[in-house]
Amino acid sequence: MSLPTALFVTVLLLAGSGFFVAAEFALVAAKRHRLEQAAAEGRRGARAALAGIRELSLMLAGAQLGITICTLGLGSVSKPAVSHALDPLLRSTGLPNGLSYGVSFAVAMIVVVFLHMVVGEMAPKSWAIAHPERSAMLLTPPFRAVIRLVRPLIAVLNRVSTALVRLCRVTPRDELASVHNREQLAHLVEESERLGLISASDSRLLTSSLTAPQQPVADLQVPAERIASVPADADLDTVLRTARTVDRTRLLVRDGDVVLGSVHARDALVARARGRTASARELARPVPELAAHDTLAHAVEQLRQRRATLAVVRDDTGALSGLVVLDDLLARLMEPSAAP
Numbered sequence: 001m002s003l004p005t006a007l008f009v010t011v012l013l014l015a016g017s018g019f020f021v022a023a024e025f026a027l028v029a030a031k032r033h034r035l036e037q038a039a040a041e042g043r044r045g046a047r048a049a050l051a052g053i054r055e056l057s058l059m060l061a062g063a064q065l066g067i068t069i070c071t072l073g074l075g076s077v078s079k080p081a082v083s084h085a086l087d088p089l090l091r092s093t094g095l096p097n098g099l100s101y102g103v104s105f106a107v108a109m110i111v112v113v114f115l116h117m118v119v120g121e122m123a124p125k126s127w128a129i130a131h132p133e134r135s136a137m138l139l140t141p142p143f144r145a146v147i148r149l150v151r152p153l154i155a156v157l158n159r160v161s162t163a164l165v166r167l168c169r170v171t172p173r174d175e176l177a178s179v180h181n182r183e184q185l186a187h188l189v190e191e192s193e194r195l196g197l198i199s200a201s202d203s204r205l206l207t208s209s210l211t212a213p214q215q216p217v218a219d220l221q222v223p224a225e226r227i228a229s230v231p232a233d234a235d236l237d238t239v240l241r242t243a244r245t246v247d248r249t250r251l252l253v254r255d256g257d258v259v260l261g262s263v264h265a266r267d268a269l270v271a272r273a274r275g276r277t278a279s280a281r282e283l284a285r286p287v288p289e290l291a292a293h294d295t296l297a298h299a300v301e302q303l304r305q306r307r308a309t310l311a312v313v314r315d316d317t318g319a320l321s322g323l324v325v326l327d328d329l330l331a332r333l334m335e336p337s338a339a340p
């Protein structure tokens, strides 16, 4: 192969290696939510990038195959061409044939490795990491087109590598997890406040929203001895009088230690206006029950599903521990001073 042809092939191989490296790192570094937003805005390449992330394992296998082929090509074409071009120059200096060949081989190796590392890998990697979403939207469409051509081969290679990973008792994943846990998010909030990116009040509110949902409902319950209630056989006048006395619209209906439900003062007023003679037991509505160790987030979800505004709390023995009200739970979740 002539030197000009070898140089042309070298440029193509370096460009190919850079393309595969950039596509690989772009898919790994790109944030899914940003690509989803770009896709919703109709930006070109966003849907292809999302499709690539959904089958990330296959995409990475294709990138590795492309990089390997380019590397082998550089070793088989570029290095011999550079060595062949340098050998006559070194011989003209008076070096023995054997020594000149060794020196030209070493120099060719250094040149090709340098070009491959810098031009074919490090520079494309840095560019892709600096602009991950833009890189993914730009490179993924042609990258996926290349993948389609060799998809059967890549699928086989990917399955073999997956089998090897399973032998190590590791479950392979097709997508890269990019979700932060609560501790990481709290650290990000703290760092953002330290750098002046958010105010102290916003930091407290965000921290509260991360920590408060895990607080047990027992911390916010009204103790059992302070719960406003009426007996199951209480008449309408008793229900309304008790509601006015304790300044509550909802009262628990109890038959001894058994909670039958809750009665709303409005229901008692409506019943009396209609001339009914109903007891608290008849007007009682079911009340959800929570364990004392249940979290605020779980309690709010349970009340939302049951369309209820209050719930009784029981301790580990099943005894009545207290009462929680939805408004109190929501206020605690949104309270900036709730952060520890």
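Take the sequence shown: its position 68, counted from the start at 1, is 68 in UniProt numbering, and no numbers get skipped.
By construction, the Cβ of each residue, glycine as well, lies at the ideal position given by its N, Cα and C atoms.
Item	Value
Give the single residue among V77, L220, A280 whose Cα lies nearest to the Cα of S2.	V77
Would you mind working out which of S161, A22, D237, L65 sits nearest P132, comparing C-alpha positions?	A22
For the candidate residues M109, T71, L60, whose alpha-carbon lies nearest to that of H84?	M109
Spatial neighbours of P223 within its chain, please: CB distance less than 6 Å, with the 5 preceding and 5 following residues excluded, ordered by chain position.	G322
List the whole-angstrom C-beta distance separating L290 from V217, where the pair is believed to meet the contact cut-off of C-beta under 8 Å.	6 Å
Identify whether R44 lies in helix, strand or coil by the three-state DSSP scheme.	coil
Between the alpha carbons of I154 and L65, how many angstroms are there, rounded?	8 Å
DSSP on L176, reduced to helix/strand/coil?	Since pLDDT at L176 reaches only 49, below the 50 mark, its modelled position is unreliable, and the value read off the structure follows with that caveat. Coil, per DSSP.
If I measure Cβ to Cβ from G120 and keep anything under 6 Å in the same chain, skipping five residues before and after, which residues do I get?	L14, S17, G18
With a threshold of 7 Å on Cβ separation, who are the neighbours of P124 within its own chain once the five nearest residues in sequence on each side are excluded?	G18, V21, A22
If you follow the alpha helix (DSSP H) that G18 is in, where does it begin and where does it stop?	3–29
Mind checking which residues open and close the beta strand (DSSP E) that includes L290?	289–291
Between the C-alpha atoms of P4 and V111, what's the straight-line distance to the nearest angstrom?	16 Å
Quick check on the DSSP output: the alpha helix (DSSP H) that includes H131 runs from which residue to which?	Careful: H131 lies outside any alpha helix (DSSP H) and carries neither H nor E.
Go ahead and pull the three-state DSSP assignment for A118.	The sequence given here places Val at residue 118; Ala does not occur at that position. Three-state result, V118: helix.
Using 8 Å as the threshold, is the C-beta distance between A299 and A311 below it?	yes
Within this structure, are the beta carbons of V263 and L283 separated by less than 8 Å?	yes
Could you have a look at T277 and say whether DSSP puts it in helix, strand or coil?	coil
Taking 8 Å as the cut-off, decide whether the C-beta atoms of R314 and A292 are in contact.	yes
Could I get the ranges of all uninterrupted alpha helix (DSSP H) runs contained in the stretch 50–94, with 4 residues as the minimum, in chain order?	56–73, 79–91
What residue does the alpha helix (DSSP H) around V217 start on, and which one ends it?	V217 -> no alpha helix (DSSP H), and no H or E assigned at all.
Can you list, in chain order, the stretches of the alpha helix (DSSP H) that have 4 or more residues and sit fully within the stretch 239–326?	265–273, 280–283, 296–306
Here's the rule I'm using: 16 or more other beta-carbon atoms within 10 Å means buried, otherwise exposed. How should F143 be labelled?	buried
Once you ignore the five residues that flank R254 on each side, which residues in its own chain have a CB closer than 8 Å to its CB?	S229, V230, P231, A232, L260
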